[in-house]
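Working notes, beginning with the structure itself.
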Amino acid sequence: MLPVGFCNTWPLVMMLIHMLAGVSYATASISILESGAFLIPFQSAKKSSTTMKADVRRQRQKRAYSPMLLKGIRRLAPILTVLIIVIIWQGIYTAEVYPSFLIPSPASVLETFVESVQDGILLYHLSITLQETLIGLLIGVAIGSSLGYIIANVPILEDLLSPLIVAFQSTPTIAYAPLLILWFGNDIQSKIVIVVIIVFFPTMMNTIAGLRAVPEGLRDVFKVMKATRWQLFTKLELPAALAVLLVGLKTSATLAVIGAVVGEFVSVNEGLGSMVAIARNQYDTPLVFVGVISLSLLALSLYTLVSFLEYYLLRWRRFGRT
3 MLPVGFCNTW
13 PLVMMLIHML
23 AGVSYATASI
33 SILESGAFLI
43 PFQSAKKSST
53 TMKADVRRQR
63 QKRAYSPMLL
73 KGIRRLAPIL
83 TVLIIVIIWQ
93 GIYTAEVYPS
103 FLIPSPASVL
113 ETFVESVQDG
123 ILLYHLSITL
133 QETLIGLLIG
143 VAIGSSLGYI
153 IANVPILEDL
163 LSPLIVAFQS
173 TPTIAYAPLL
183 ILWFGNDIQS
193 KIVIVVIIVF
203 FPTMMNTIAG
213 LRAVPEGLRD
223 VFKVMKATRW
233 QLFTKLELPA
243 ALAVLLVGLK
253 TSATLAVIGA
263 VVGEFVSVNE
273 GLGSMVAIAR
283 NQYDTPLVFV
293 GVISLSLLAL
303 SLYTLVSFLE
313 YYLLRWRRFG
323 RT
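So for the sequence shown, my numbering puts the first residue at 3; every next one is plus one.
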């Protein structure tokens, strides 16, 4: 039960509350005006605007320096990697984890490298391996790309040849290397054949994959325009498949060095592989290291050369040209 007269006094109470609230709001407003606190948001906005301009300026400077910094880091990364490997190598030698005739010091390997260059031994064997690699690579790429082009356009040939090719490639190269050396002799010809066999398969598979990745709609457009077979190849198929072909070529370049070394290991006649095999039999570990490092540099040089070729041939993609 509400007290008697409460309903009559309730409107007066509410009116009094509203009046007190209005007086409080007015008092607070006057105090804010006197203190100047209402200017704080505007001052903060002004400071924020200045800060934003400074941040934008710093971001522009970062964007200007970032590409140069990243480019410098990318150039120094291989050198730093080599230095780390040499430091670890020297640490293993100093700690005598392995006997010195198994792990020679970097200084002794460098000394052996200089001596082998001065004697002409390293350059002679390097020239033989380089000939085998380049000639075999060119022939293998030519055969692999040609066969891949034919198979990509005549699918029935893939059904006929794939089992034979896959079975042949599944066999380790070193297994039939002695037979190839017996057939083609102990000279450079047998090593070239081994390189060709190793190189042509990845080249063929990348050629098939690249040509089959061409959209059928574009082929139909060329057919409607009555393009010749040569125009279809040069204007559509080759540009579309070029990126995949160059990736296969980089792989083939490194495999070519492996093929040449396999043949040289078996024949033990001439070349860097033969030099390493002879040095191993004589326990000349520094010379073994020299041969292995030379082979690594040869493979890296071929890979870099193909990468430059890829950069040049695919430059139109970076500018959005088709």
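Positions of the beta carbon are idealized from the N, C-alpha and C atoms, including for glycine.
Because the structure is a prediction, the values reported are computed rather than measured.
Helix, strand or coil for residue i per DSSP?
i: residue 157; result: helix
i: residue 100; result: coil
i: residue 206; result: helix
i: residue 222; result: helix
i: residue 33; result: With a pLDDT of 48 at residue 33, under the threshold of 50, the predicted position of this residue should be treated as unreliable, though the coordinate-derived value follows. Helix, per DSSP.
i: residue 228; result: coil
i: residue 241; result: helix
i: residue 41; result: Residue placement at residue 41 is poorly supported in this model, since its pLDDT is 46, which falls under 50; the coordinates are not used for a value here.
i: residue 201; result: helix
i: residue 26; result: Note that residue 26 scores a pLDDT of 45, beneath 50, so its modelled location is shaky; the value from the coordinates is reported in the next line. Residue 26: helix per DSSP, three-state reduction.
i: residue 215; result: coil
Excluding the 5 residues preceding and the 5 following residue i in the sequence, name in chain order all residues of the same chain whose CB lies nearer than 8 angstroms to its CB.
i: residue 259; result: 131, 135, 297, 300, 301 and 304
i: residue 248; result: 308, 311, 312, 315 and 316
i: residue 215; result: 242, 243 and 246
i: residue 82; result: none
i: residue 183; result: 192, 265, 268 and 269
i: residue 94; result: 100 and 105
Please list the terminal residues of the continuous alpha helix (DSSP H) segment that includes residue i.
i: residue 108; result: 108-121
i: residue 105; result: Taken as a continuous stretch (DSSP letters only), residue 105 belongs to no alpha helix (DSSP H), as it is neither H nor E.
i: residue 175; result: 175-186
i: residue 234; result: 231-234
Which same chain residues end up closer than 6 angstroms to residue i when comparing Cβ atoms and leaving out the 5 residues on each side of it in sequence?
i: residue 255; result: 304, 305 and 308
i: residue 262; result: 131, 134, 135, 193 and 197
i: residue 115; result: 292
i: residue 211; result: 246
i: residue 288; result: 106, 110, 111 and 114
i: residue 273; result: 127, 130, 131 and 266
i: residue 158; result: none
i: residue 295; result: none
i: residue 275; result: 263, 266 and 267
i: residue 171; result: 203
i: residue 277; result: 127 and 293
Since residue i contacts residue j with CB under 8 angstroms, what's their CB separation in whole angstroms?
i: residue 202; j: residue 146; result: 4 angstroms
i: residue 149; j: residue 207; result: Contact doesn't hold; Cβ gap of about 10 angstroms is too wide.
i: residue 176; j: residue 268; result: 7 angstroms
i: residue 250; j: residue 217; result: That pair is no contact at about 20 angstroms.
i: residue 213; j: residue 151; result: 7 angstroms
i: residue 238; j: residue 220; result: 6 angstroms
i: residue 92; j: residue 80; result: Incorrect: roughly 19 angstroms between the Cβ atoms, too far for contact.
i: residue 282; j: residue 290; result: 6 angstroms
i: residue 154; j: residue 209; result: 7 angstroms
Can you list, in chain order, the residues of its chain whose CB lies under 7 angstroms from that of residue i, leaving out five sequence neighbours each side?
i: residue 140; result: none
i: residue 137; result: 194
i: residue 143; result: 201, 205, 251 and 254
i: residue 280; result: 270
i: residue 179; result: 196, 264, 265 and 268
i: residue 119; result: 125
i: residue 285; result: 103
Point to revise | Complete runs of the alpha helix (DSSP H) confined to the stretch 255-320 [at least 4 residues] | key: 274-283, 287-315 and 317-320
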